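K.L.:
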Amino acid sequence: MKKIWLKTPLGLAVALATSHVLASGFALNEQSISGMGSGFAGRSSSAEDASTVFGNPAGMSRLKREQVSLGAATLFAKSDISQTRSTFGGQQDGDMVPATTVPMGYYVKPIDEHWAFGVGFYVPFGLITDYGSGFAGRYYANKSEVTTLTFQPTVSYAFNDKVSIGFGPTINRISGELSGMVPNPLSPGRNDGKLKSTGDDTALGFNAGILVQATDRTRLGLTYHSKVSYHLDAKTKVTGGVFSLLGVSGQSYDASLDVDTPESVDFSVTHQLNDDWTLYAGTTWTRWSRFKELVIQNSGLPPLLSGSLGTVAEEQNWHDTWAHAIGTAYRLNNQWVLRAGLSVDQSPANNTDRGPRIPTGDRTVISFGAGWTPVDDVTIDVAYSYLWEESVQVNHTSATRGAYSSTYKNSASGLGASVSYRF
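Each residue of the sequence shown is one higher than the last, beginning at 3 in this note's numbering.
1. Could you check if V240 is buried or exposed, using at least 16 other CB atoms within 10 Å of its CB as the buried criterion?
2. Taking all protein chains shown into account, decide if E50 is buried (16 or more other Cβ within 10 angstroms of its Cβ) or exposed.
3. Leaving out the 5 sequence neighbours to the left and right, which residues in its chain are closer than 7 Å to L24 when beta-carbon positions are compared?
4. Whole angstroms are fine: how far does the CA of K237 sit from the CA of I113?
5. Should the segment 59 to 66 be called in touch with the segment 290 to 303, which here means at least 3 C-beta pairs below 8 Å?
6. So the candidates are V165, S53, G371, H326; which of them puts its Cα closest to the Cα of W117?
7. Just to confirm, is the Cβ distance from S88 to G404 under 8 Å?
8. Look at the alpha carbon of S407 and the alpha carbon of V346, and state the distance between them as a whole number of angstroms.
9. By the three-class DSSP mapping on this structure, what secondary structure does V99 have?
10. Using only alpha-carbon positions, find the residue among S349, G312, P304, V157 that is nearest to A325.
11. Kindly indicate which residue of L248, S177, Y410 has the alpha-carbon position closest to the one of S308.
12. So what's F56 in DSSP terms, helix, strand or just coil?
13. Round the Cβ separation of R221 and T272 to the nearest angstrom and send it over; I've been treating them as touching at under 8 Å.
14. Here's the rule I'm using: 16 or more other beta-carbon atoms within 10 Å means buried, otherwise exposed. How should S422 be labelled?
15. Alpha carbon to alpha carbon, what distance is there between G207 and F127?
16. Are there 16 or more other CB atoms within 10 angstroms of the CB of S146, so buried, or fewer, so exposed?
17. Nearest-angstrom Cα distance between F119 and Q395?
18. Could you say which of T131, A216, K294 lies nearest to P361 if we only look at CA atoms?
19. In the DSSP assignment, find the unbroken alpha helix (DSSP H) run with L72 in it and report its ends.
20. Using the DSSP secondary-structure output, state which residues sit across from G207 in a beta bridge.
21. If you run the structure through DSSP and keep just helix, strand and coil, what is R341?
22. If distances are taken between C-alpha atoms only, which option among A283, L306, S270 comes closest to V244?
23. Compute the Euclidean distance between the alpha carbons of D194 and Y255, then round it to the nearest angstrom.
24. With distances taken from CA atoms, which of M106, T200, G107, K80 is nearest P100?
25. How is the alpha helix (DSSP H) around F123 delimited, first residue to last?
26. With H, G and I counted as helix, E and B as strand and the rest as coil, what does DSSP make of V267?
27. Residues in the same chain with beta-carbon distance under 6 Å from V230, minus the five sequence neighbours each way, listed in chain order, please.
28. F161: buried (16+ other C-beta within 10 angstroms of its C-beta) or exposed?
29. Run through DSSP, which three-state label would F39 get?
30. With a cut-off of 8 Å, does the C-beta of G41 fall near any C-beta of chain B?
31. What first and last residue would you give for the alpha helix (DSSP H) that runs through F370?
32. Determine, using beta carbons only, whether K196 and G242 come nearer to each other than 8 Å.
33. What three-state label does DSSP hand S21 in the structure shown?
34. With a 10 Å radius around its C-beta and 16 neighbouring C-beta atoms as the bar for buried, classify Q337 as buried or exposed.
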C-alpha cells in the first residue's frame, strides 16, 4: 500500500488527531467528581459511590444500597504560545481550546450479598483544538475535534467480605472532525484552500477489575480498561484555494480511518489511617505505543487528487506512559468530607513528531474537593483541579507548507460537581 505522509499540502487534515486537557494523550480523567477531588488517586480501590462502575467494577460490591450518581466537569484550557516563526505569517496564539463540559452518570443496584448490577455513561477520550484560519501554523493544524461516549453495563461478584471482581462490556461511540488550511501555489500565504474530514463509528471493549480488602483498613484495587478498535466511515470535503483551481471546490469524497484507543491498567491503594483520615495512592499505565501513525483511505477521487489523497498517513510514534497520584480525604464531621490530591502524568508525544494539534508535555495536577451529605440519602460532591505542563517545542518544515515553530506552555483548570442519591 502506498502511503503519502502528511508533509504535502493535500495530505493535511485528513487524519483524526486530538488534544487533551487533564490526562495524557487525548484521554480524559473526568469520570468521577469524588475521585477528581483527590487527584484520582485510589481510583480503583476507593469505591465510594456509583462512579466505581468506571473506576473499578468490582467496587460495586461495597455499595449496600441502590444508588444513582449524576455529574459533569467543565474544563478550561490555556496555551501560552511564544517565539513563533512562520514562513507565511499569521496569528501567534489564541484560545485554541474552547471551554468543554464532560458529563457522567452511573447507577448501581445490589442484587444479593454476592451480586450487584450497574450501568455507566461517561467520556473516556476526546477534546477540541481550534486555532482559526489565520493561525501562523494553519498549514499544519486548524481544527481538531474528537468525542467518545461510552455506555457500560456491569456486574460484580463478591466471593466474601475480602475479595470481589467486576466486569462490564463497553459500547463506545466516536465522532470527530479535523480540518486544515492548504496553501495556494499561486499566492502562498493568501487565498488558502481548506480540507475538512468528519467521521464516526461504534465499537466494543470492556472494563474488568478486582478489589481486595487486604486488612481492616487497607484496600487494593486493580482495573483493566481494554483497547477499543474503531473503523471510521468518513467524508472528506475540499473547498476554496487550490481546489478551486483544480475545479473540485465543494466536492466531498468517501474516506475511512482505523483508530485504536489504548488499553490501560490502574493499580491503587486506599488506607484508612483513622476514623477521620483516609490516604490514597495509585499508578496508571497506558499503552499509547499503539498510536504509531494514522492512515486514511480516500475513495472516488478524480485523477488529479488520487495520487496525493488516495492513501494518507500522519506519523505519531507515541510511547507508553505512566501516571502517578497521591491523595487524602479528611472527614470533618458526619456531613462534610474534604479532599486533596497531587498527580504527575507523562506525555506520550516525542520531540520530533510533536505538532500543533497535540502540543503537550509532561504535566502536574493539583486537586481539591469536598463532599457534603445534608441528609443520609444524598451526597453532593464538588472538585477543582489545576494543571500545568512543561514547555515544549513544535518545529516543522515543509517544501510546500513552509516552516512553523513555536514554544508552547499549556495549563488548564477543571471544575466539577455531582449528586449521588441512595434509595
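In this text, a Cβ means the ideal position worked out from N, Cα and C, and glycines have one as well. Please read these numbers as outputs of a predicted model, since none were measured by experiment.
P.N.:
On the basis of the data shown:
1. buried
2. buried
3. Bear in mind that the predicted position of L24 carries a pLDDT of just 47, short of 50, making it too unreliable to give a figure here.
4. 46 Å
5. no
6. V165
7. yes
8. 27 Å
9. coil
10. S349
11. L248
12. helix
13. 5 Å
14. buried
15. 14 Å
16. buried
17. 48 Å
18. T131
19. Here L72 belongs to no alpha helix (DSSP H); instead the beta strand (DSSP E) covers 69 to 88.
20. T172
21. strand
22. L306
23. 20 Å
24. K80
25. First-last for F123: 117 to 124, but that is the beta strand (DSSP E), not the alpha helix (DSSP H).
26. strand
27. N174, A205, G207, T263
28. exposed
29. For clarity, residue 39 is Gly in the given sequence; the question names Phe instead. The answer is helix: DSSP assigns G39 an H, G or I state.
30. Here there is only one protein chain, and chain B is not present.
31. Here F370 belongs to no alpha helix (DSSP H); instead the beta strand (DSSP E) covers 365 to 377.
32. yes
33. Caution is warranted here: a pLDDT of 40 is assigned to S21, below 50, making its placement in the model unreliable, and no coordinate value can be reported.
34. exposed
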